[in-house]
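Line by line, the protein sequences are chains A and B. Sequential numbering from -2 applies to the first sequence in my numbering. Sequential numbering from 35 applies to the second sequence in my numbering. Positions of the beta carbon are idealized from the N, C-alpha and C atoms, including for glycine. Reading through the structure tokens given below for one structure.
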Amino acid sequence: MEEKLWHLKDKLTDLLFLGMALVIPLILLTFVLFPVFKVFLASFMEGDQLSLVFYRELFLTGKVKLLGNTLLVNGLSTLFASALGLALALVVARSSWPGKNILNFAAILHIISPPFVSAIVFIMLFGRRGFITSNLLGLDVNLIGWGAIVFLQTLGNASIAYLIMVNVLKRIDKNLERSALDLGASRLRVFFTVTLPLMLPGITAAGLLVFTNILADFGTPILVGGGFRVLASEAYIQVIARHNMGFAAALCMVLLVPCLSIVLLEKLALGNRLYLSSSLSQEGRDGEKEQILSKPVLAALSFICFVFAFLTFAEVATLVIGAFTNIWGYDFTFSLRHLTSVWEQGFRSIKNSLRFATLVALFGPFLGICTAYFLQKSKNFSRRFLEFLAILPYAVPGPVMGISYILAFNSYPLLLTGTFFIVVFVSIIRELPISFNAGKAVLHQVTGSLEQASTDLGSNRWQTLTRVVLPLMAPAYRVGMVHAFIHAMITIGAIIFLITPRNKVITFEIFTAVNSGRLGEGAAFALFLIIMTLAGLGVFHLVSKMPAIWKIIKERFTAYGIRAKKYN
Amino acid sequence: MELELKNITKTYNELVAVDNVSLKVPSGKILALVGPSGCGKTTILRVVAGLITPDNGQVILDGKDITRLLANQRPTVTVFQDYALFPHLNVFDNIAYGLKTRHIKGKEIRRRVEEVLSLLKITELKKRRIHELSGGQQQRVAVARSLVINPQVILFDEPLSSLDAKLRVEMREEIRRIQQQTGITALYVTHDQEEALAVADQVAVMKEGHIEQIGTPQEVYDKPWTTFVGQFIGWGNLFKGIVTANSPEEVKVNLWGKKISLKPKGKNGYAPQETVEVFFRPEKVIPQKEGIWEAQVQQRYFYGPTTRYRLQMEGYPDSIVLMDLFVGDRVYEPGEKIRFDIRDASILIPEGYKDGKD
């Protein structure tokens, strides 16, 4: 009987592997390659005719200004955000500044906030009826415009740049800096000849990520750009207001090309250039790290960090106050009406958001890790191509992804637009590169030797899979889940094009509320969202600790002799 | 350049890393700081380098107090553990780094780099990238980079710990050769006592932030003061004996039921019946027909030039004596009975005993 089961499970595993070998390439082809191809096609088609009309409109009419605008805003924002991120990283990794935890907390707040929360706050404070500009200073100005976009993109993206750079900086061997100092170089010289060159790959990676991030963001330009349009916001308007899919597709192509080349460039150019020591350099004990930053430099950087932290917390504070204020700009009395209206009318969206984020968090990493595992197993020529498809979604800006899904899945047999499924699925696909890479990193470390050992010790494939491979993949799954959950909670870029009134989520509600001037309601929704994201992460943290807790409980009972009977 | 440390103390979050340490490195000599990890030797080195500011005490170089100078203002240079070579520069640029910060002209830089390259015998590596070098080559580049700026003091921070055993011996001879040739004063930190004895003119044995003993390698090896030094440097036999008689010239001690006469040390007298630590080296165990002690050979290990025996003392089941015999000596078989005497045994100051030193 047991032997039968053993064989059955072995057969089952074979079947599972065969299934994966069929399903995974199918998914990658259908949901990654096909939509991108559709965008490409749509941008060259007018009706049934091959045509360059959309590109002609983009490059040869007044619309060409979009390119300049995008370049201006993107260039400046990327520059400022990277510089700010570098300043934050330097202070945290190379000084004994006491406010490090606050900075980390501020950075995380930015990461878990939807991209346009800062836009809401900006309008509340500096808009035409802004609290500071109008109520406090009595000015009749409007600070909205491209400067506002740059300011908000800088503030929002500095956190991402910071998190990447601080990791790189922490892993640069401090003895290299000490050695340079010891050889007689001044601190400034050490920074420019040792620290900066060693950080360069990290800075480039951060800069590129920030650049693509800003390129994809249409919310901020629409909300605080006034009439100032960039490629992403124009694509959004073309789809939502004009239903001009062809022109939108051309815009998408223009967005896609730089993003794709950046990702490829990064892979090719930076692959081997990171000089990181294998371990994190020791912290705390030495008490000598302030050496690399001289006092005036540290003071200046600390001031910048302080301003960053202050702005972040002021932003959240304003949001909270805004959610409890009767009519922002006119009547600053306390009121619960936004919260109650959001709770009553937006309950469905809140529920949708949670359901949506949970589904993405569960299945996103699953797909990514299965893909990593399957691609590691397969040895044929198509592997590199499939691998490229697995990381491709990383290079596709959110709105491009959303628009491509409208184009790809609006007709039989793949008539999926309008369903909740497609909203979930586009987000799962967007998570694919993250969990794929996490899974690949883990698999890279074991490279089959553990599986061989397991087989060698007499396990069948089922046992090897469940007892060796799955436990090893657990950390990658956890990383993928956290990322997927946060991202699904705050995402809008891709899903805004696929959402129908029945399956609205909170981010969508915020965007429409603010876009139509209902600031209080937007603030209330945003507040709900941030709280729910934090709560979700808390629950996740507890759940991921459950096995450990369960083990402790079990050990306690064992210690009391409750399980003793079984062994006698 | 004479280097002197006066009463250096450094505390990390209430943990005393270096406790009131004073020492002198005479001009042109190597002093090795040796001790187990965490004994404070690296902290001392970094205090001299200027990478750590001491809580207390002074660093004096050639009569000048340099305690408050920053690392980049001091005429000292460190050869780091793991070398700390700049991975983004090639060998030449690594070595030239210190010269460039001194705004020396290109021609002069090239001349001086070539000079140290040939001193270290690595001229052919000039254009290599760091990750293309072996451990030993990296070590040579690190030494070259430090030497090229003509430092007054060179500081070695466990420079050989990442090399394999044979290369380690080769490199420590090389370091000794170069130091002798250039006449630079050097402070050499290591946890390897053999390396310390081989490379240095003076050895300071450290433990828990203070110096236990300082002296020439011979002194430290032949005449350890404390049980810690005796056991840390080389191999040793340490057994408890009981004082039976005591005078300023000699102390009679009962060891395994036999009386031997030893020199008193660091202490005015011993009380009768006091337990003392008796120490002797394995090579000072001499097998003799009329030897006063008897033991049984338990194990034999062949080391090449020497052979080590573990001897089980007759009637003392807890006492295992190590004995080293040399090539040409008689070979004993396990199980064989053996009689032996001990030469140059001494009484050591036990751990935790503070006032015994002179």
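Using 8 Å as the limit for Cβ to Cβ distance, is residue i near chain A?
{"i": "Ile183/B", "result": "yes"}
{"i": "Val111/B", "result": "yes"}
{"i": "His122/B", "result": "yes"}
{"i": "Ala105/B", "result": "yes"}
{"i": "Leu37/B", "result": "no"}
{"i": "Phe360/B", "result": "no"}
{"i": "Ala118/B", "result": "yes"}
{"i": "Phe314/B", "result": "no"}
{"i": "Phe114/B", "result": "yes"}
{"i": "Asp53/B", "result": "no"}
Counting only C-beta atoms, is residue i closer than 8 Å to chain B at any point?
{"i": "Gly558/A", "result": "Unreliable placement is indicated for Gly558/A, whose pLDDT of 49 sits below 50; the coordinate value is still reported in the next sentence. For Gly558/A, the answer is no, since every Cβ of chain B falls outside 8 Å of its Cβ."}
{"i": "Pro194/A", "result": "yes"}
{"i": "Asp11/A", "result": "no"}
{"i": "Arg186/A", "result": "yes"}
{"i": "Ala182/A", "result": "yes"}
{"i": "Val294/A", "result": "no"}
{"i": "Val191/A", "result": "yes"}
{"i": "Lys97/A", "result": "no"}
{"i": "Lys563/A", "result": "Caution is warranted here: a pLDDT of 40 is assigned to Lys563/A, below 50, making its placement in the model unreliable, and no coordinate value can be reported."}
{"i": "Ser278/A", "result": "With a pLDDT of only 43 at Ser278/A, under 50, the local geometry of the prediction cannot be trusted, and the value read off the model is given with reservation. Not an interface residue."}
Select from the options the residue whose C-alpha is nearest the C-alpha of residue i.
{"i": "Ile527/A", "options": "Val540/A, Lys542/A, Val511/A and Thr504/A", "result": "Thr504/A"}
{"i": "Thr278/B", "options": "Leu289/B, Trp269/B and Leu272/B", "result": "Leu289/B"}
{"i": "Leu85/A", "options": "Ile161/A, Leu26/A, Leu47/A and Ser176/A", "result": "Ile161/A"}
{"i": "Gln214/B", "options": "Leu65/B, Pro384/B and Arg364/B", "result": "Leu65/B"}
{"i": "Arg91/A", "options": "Ser291/A, Phe508/A, Gly533/A and Arg334/A", "result": "Ser291/A"}
{"i": "Ser386/A", "options": "Leu30/A, Leu316/A, Leu13/A and Leu15/A", "result": "It should be pointed out that residue 386/A corresponds to Leu in this sequence rather than to Ser. Considering only alpha carbons, the answer is Leu30/A."}
{"i": "Leu364/A", "options": "Val423/A, Gly144/A, Pro293/A and Arg334/A", "result": "Val423/A"}
{"i": "Ile507/A", "options": "Phe522/A, Val20/A and Thr309/A", "result": "Phe522/A"}
{"i": "Val260/A", "options": "Phe305/A, Leu205/A, Arg239/A and Gly224/A", "result": "Leu205/A"}
{"i": "Phe128/A", "options": "Ile318/A, Asn210/A and Gly153/A", "result": "Ile318/A"}
{"i": "Thr217/A", "options": "Leu83/A, Gly144/A, Pro194/A and Val254/A", "result": "Gly144/A"}
{"i": "Lys299/B", "options": "Gln307/B, Gly291/B, Glu324/B and Glu311/B", "result": "Glu311/B"}
Please say whether residue j and residue i have beta carbons closer to each other than 8 Å?
{"i": "Tyr304/B", "j": "Val331/B", "result": "no"}
{"i": "Ile146/A", "j": "Val221/A", "result": "yes"}
{"i": "Asn271/B", "j": "Leu356/B", "result": "yes"}
{"i": "Ala51/B", "j": "Thr77/B", "result": "yes"}
{"i": "Thr130/A", "j": "Phe119/A", "result": "no"}
{"i": "Val182/B", "j": "Arg146/B", "result": "yes"}
{"i": "Leu201/B", "j": "Gly170/B", "result": "yes"}
{"i": "Lys63/B", "j": "Thr219/B", "result": "yes"}
{"i": "Ser350/A", "j": "Met250/A", "result": "no"}
{"i": "Phe262/B", "j": "Glu246/B", "result": "yes"}
{"i": "Gln172/B", "j": "Pro193/B", "result": "no"}
{"i": "Lys241/B", "j": "Gly69/B", "result": "yes"}
{"i": "Tyr343/B", "j": "Leu359/B", "result": "yes"}
{"i": "Pro32/A", "j": "Ala232/A", "result": "no"}
{"i": "Ile212/B", "j": "Leu153/B", "result": "yes"}
{"i": "Met121/A", "j": "Leu516/A", "result": "yes"}
{"i": "Gly490/A", "j": "Ile425/A", "result": "no"}
Counting contacts by CB-CB distance shorter than 8 Å, is residue i in contact with chain C?
{"i": "Ala202/A", "result": "No chain C appears in this structure, whose protein chains are A and B."}
Point to revise | Members of the segment 125 to 155 of chain B that neighbour chain A once the beta carbon cut-off is set at 7 Å | key: Tyr131, Gly132, Thr135 and Arg136
Check your understanding: What residues in the segment 190 to 206 of chain B have a beta carbon less than 7 Å from any beta carbon of chain A?
Key -> none
Exercise for review: Could you name the residues of the segment 156 to 180 of chain A whose beta carbon sits closer than 8 Å to any beta carbon of chain B, in the order they occur along the chain?
Suggested key: Asp170, Asn172, Leu173, Arg175, Ser176, Ala177, Leu178, Asp179 and Leu180
Point to revise | Chain-ordered residues of the segment 239 to 250 of chain A with a beta carbon less than 8 Å from chain B | key: none
Review point. Name the residues in the segment 67 to 93 of chain B whose C-beta lies less than 9 Å from a C-beta of chain A; which are they?
Key: Arg80, Ala83, Gly84, Leu85, Ile86 and Thr87
Check your understanding: Is it a yes or a no for the segment 315 to 334 of chain B touching the segment 367 to 380 of chain B, going by three-plus beta-carbon pairs under 8 Å?
Key -> yes
Review point. Using 8 Å as the Cβ pair cut-off and three pairs as the minimum, do the segment 183 to 190 of chain A and the segment 237 to 256 of chain A touch?
Key: no
Practice item. Would you check if the segment 186 to 202 of chain B and the segment 191 to 204 of chain A touch, i.e. whether three or more CB-CB distances between them fall below 8 Å? Key: no
Check your understanding: Is the segment 379 to 396 of chain A in contact with the segment 320 to 327 of chain A, if contact means three or more CB pairs nearer than 8 Å?
Key -> no
Review point. So does the segment 26 to 40 of chain A actually touch the segment 400 to 408 of chain A, counting three or more Cβ pairs closer than 8 Å?
Key: yes
Review point. On the three-pair Cβ rule with 8 Å, is the segment 303 to 316 of chain A touching the segment 108 to 117 of chain A?
Key: yes
Check your understanding: Touching or not, the segment 434 to 441 of chain A and the segment 469 to 488 of chain A, by the rule of three or more beta carbon pairs under 8 Å?
Key -> yes
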